[in-house]
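Residues 2 to 316 in this note's numbering are what the sequence shown spells out, letter by letter.
A virtual CB, placed ideally from N, CA and C, is assigned to each residue, including glycine.
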Amino acid sequence: MFAILAVTAPIFLLIALGFVAVRQAWMPREGAVAMSRYALLFALPALLFDTLSKRSLDSILVPDFLLVYVSASMITYGIGVLVASIARRTSPLDNAFFGMGLSMSNSSYIGYPLVAQLLGEPALIAVVMAILTEVLIILPLTLILTEFHRERGRGSVLRTLGRVLRTVGTNPILLAIAAGLAFAALGWRLPVPIGRTIELLAGSAAVVALFAIGGSLAGQRVRGALGPATAIAAGKLVVHPLVAFGMLLLVPTLDPTLGQAALILAGLPMVTIFPLIAQRYGQGEIPATALVVTTLLAFVTLNLGLWLWGIGVPG
Numbered sequence: 002m003f004a005i006l007a008v009t010a011p012i013f014l015l016i017a018l019g020f021v022a023v024r025q026a027w028m029p030r031e032g033a034v035a036m037s038r039y040a041l042l043f044a045l046p047a048l049l050f051d052t053l054s055k056r057s058l059d060s061i062l063v064p065d066f067l068l069v070y071v072s073a074s075m076i077t078y079g080i081g082v083l084v085a086s087i088a089r090r091t092s093p094l095d096n097a098f099f100g101m102g103l104s105m106s107n108s109s110y111i112g113y114p115l116v117a118q119l120l121g122e123p124a125l126i127a128v129v130m131a132i133l134t135e136v137l138i139i140l141p142l143t144l145i146l147t148e149f150h151r152e153r154g155r156g157s158v159l160r161t162l163g164r165v166l167r168t169v170g171t172n173p174i175l176l177a178i179a180a181g182l183a184f185a186a187l188g189w190r191l192p193v194p195i196g197r198t199i200e201l202l203a204g205s206a207a208v209v210a211l212f213a214i215g216g217s218l219a220g221q222r223v224r225g226a227l228g229p230a231t232a233i234a235a236g237k238l239v240v241h242p243l244v245a246f247g248m249l250l251l252v253p254t255l256d257p258t259l260g261q262a263a264l265i266l267a268g269l270p271m272v273t274i275f276p277l278i279a280q281r282y283g284q285g286e287i288p289a290t291a292l293v294v295t296t297l298l299a300f301v302t303l304n305l306g307l308w309l310w311g312i313g314v315p316g
């Protein structure tokens with residue numbers, strides 16, 4: 002357990018430092034927002050592009066991993082929607098965000114540094130495939146369900162789908178992944194000065210992103226709704242990794258290291274933009290509370306899961 006904590010504790014301490022810095026007004030909240038935008042628009046895209054562009058295409062997309070992770074995420078999403086609709090009897094709009102909260106991990110900000118330190122550089126392709134799952138499947142599915150519910154026959158289906166495609170297609174992380182895949186497929190290399198600039202940007206991604214998470218949590222207003230928020234947290238931190246574990250049993254051919262990466266990624270808190278997206282549809286209160294609760298509980302559940310599954314434990 003101490004070996005695991007030596008890896009995970011600094012990640013959560015950086016999040017805590019960002020939280021305290023904003024809460025104590027050592028840094029203005031706008032500064033944390035700016036850091037988050039820097040990570041989203043520059044550092045993380047550079048990191049993903051740098052990781053992908055230097056690999057061969059056939060080593061990046063692993064069908065067995067995609068089968069496990071996509072299935073686990075979709076099953077968990079379905080469980081979330083079903084539980085919300087039956088137990089809470091909420092609207093399809095609420096149900097869609099309930100499912101998103103359970104199934105869309107913070108693979109970019111937390112997953113990347115965690116997988117890199119626990120499993121090493123070869124496992125980072127799992128992070129890329131997880132991000133593809135979240136950006137190309139979970140996020141569009143949520144947006145489609147919410148947009149159709151909001152329109153309820155008032156708008157064109159094609160116009161609704163067009164809005165979703167624009168939202169997904171302009172995501173800078175997805176664009177960086179697409180560019181990285183293109184460079185990997187064609188064997189291209191950037192000019193040395195540009196390549197080194199990308200590497201410098203990539204090197205700043207982990208610290209800036211983790212600090213920005215803490216700053217964003219300090220800005221979230223926890224206003225009751227602890228019951229639904231705790232249910233989302235339990236689903237994200239327990240149900241999602243358990244479903245991923247079940248899928249791994251059904252796909253024994255997956256490389257063990259990538260299988261461990263799938264468990265780590267499924268056990269992460271939800272993506273930081275969860276309440277921001279929900280807020281656009283008048284659903285920000287419960288997601289904001291769920292994000293705070295899940296991130297706090299993740300330090301316990303994630304470390305316990307790593308210990309139980311023997312991930313990061315010296316042989």
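The alpha helix (DSSP H) spanning residue i covers which residue range?
| i | result |
| --- | --- |
| Q118 | Y113 to L120 |
| G32 | R30 to Y39 |
| T77 | P64 to V84 |
| S104 | P93 to S104 |
| F43 | Run containing F43: none; DSSP gives neither H nor E here. |
| G236 | Counting along the chain, G236 falls outside any alpha helix (DSSP H), and DSSP gives it neither H nor E. |
| R24 | F3 to R24 |
| A245 | H241 to L251 |
| A289 | E286 to W310 |
| L125 | L125 to T134 |
Assuming residue i and residue j make a contact with CB atoms under 8 Å, what is their CB distance in whole Å?
| i | j | result |
| --- | --- | --- |
| F245 | V116 | It is worth fixing the name first, because residue 245 is Ala in this sequence and not Phe. Actually they do not touch by this definition, with Cβ atoms about 14 Å apart. |
| I5 | L307 | 5 Å |
| P123 | T290 | So it is not a contact: roughly 37 Å between Cβ atoms. |
| L49 | A177 | 5 Å |
| S72 | S104 | No, S72 and S104 are not in contact; Cβ-Cβ is about 11 Å, not under 8 Å. |
| V272 | L15 | About 17 Å; that fails the 8 Å criterion. |
| A44 | A180 | Actually they are not in contact, since the Cβ atoms of A44 and A180 sit about 15 Å apart, beyond 8 Å. |
| L175 | V169 | 7 Å |
| I312 | L264 | 7 Å |
| F66 | A85 | So it is not a contact: roughly 28 Å between Cβ atoms. |
| P173 | L305 | Going by Cβ atoms, the distance from P173 to L305 rounds to 34 Å, so no, they are not a contact pair. |
| A230 | I287 | 6 Å |
| G19 | A33 | 6 Å |
Quick one: is the Cβ of residue i within less than 8 Å of any heavy atom of the ligand ZN?
| i | result |
| --- | --- |
| F246 | Questions concerning the ligand ZN fall outside what the structure shown contains, since it holds no ligand whatsoever. |
Quick one: using the 10 Å Cβ neighbour count with 16 as the cut-off for buried, is residue i buried or exposed?
| i | result |
| --- | --- |
| T219 | For clarity, residue 219 is Ala in the given sequence; the question names Thr instead. Buried. |
| K55 | exposed |
| V128 | buried |
| T9 | buried |
| D51 | buried |
| Q25 | exposed |
| V136 | buried |
| I195 | exposed |
| P64 | exposed |
| T29 | For clarity, residue 29 is Pro in the given sequence; the question names Thr instead. Exposed, because fewer than 16 other Cβ atoms sit within 10 Å of the Cβ of P29. |
| G268 | buried |
| F1 | With the chain represented from 2 up to 316, any question about residue 1 goes unanswered, as that position is not in the structure. |
| D59 | exposed |
| G188 | exposed |
| E148 | buried |
| V301 | exposed |
| L266 | buried |
| P46 | buried |
| G133 | Reading off the sequence shown, one finds Leu at residue 133, where the question assumed Gly. Per the 10 Å Cβ criterion, buried. |
| A17 | buried |
| T171 | exposed |
| V294 | buried |
| L309 | exposed |
| I61 | buried |
| I87 | exposed |
| V193 | exposed |
| E200 | exposed |
| S108 | buried |
| S92 | exposed |
Opposite residue i in the DSSP bridges: which residues?
| i | result |
| --- | --- |
| M271 | S106 |
| task | Jot down the residue ranges of each uninterrupted alpha helix (DSSP H) in the segment 164 to 220, minimum 4 residues, whole runs only, in chain order. | result | 173 to 187, 193 to 204 and 206 to 219
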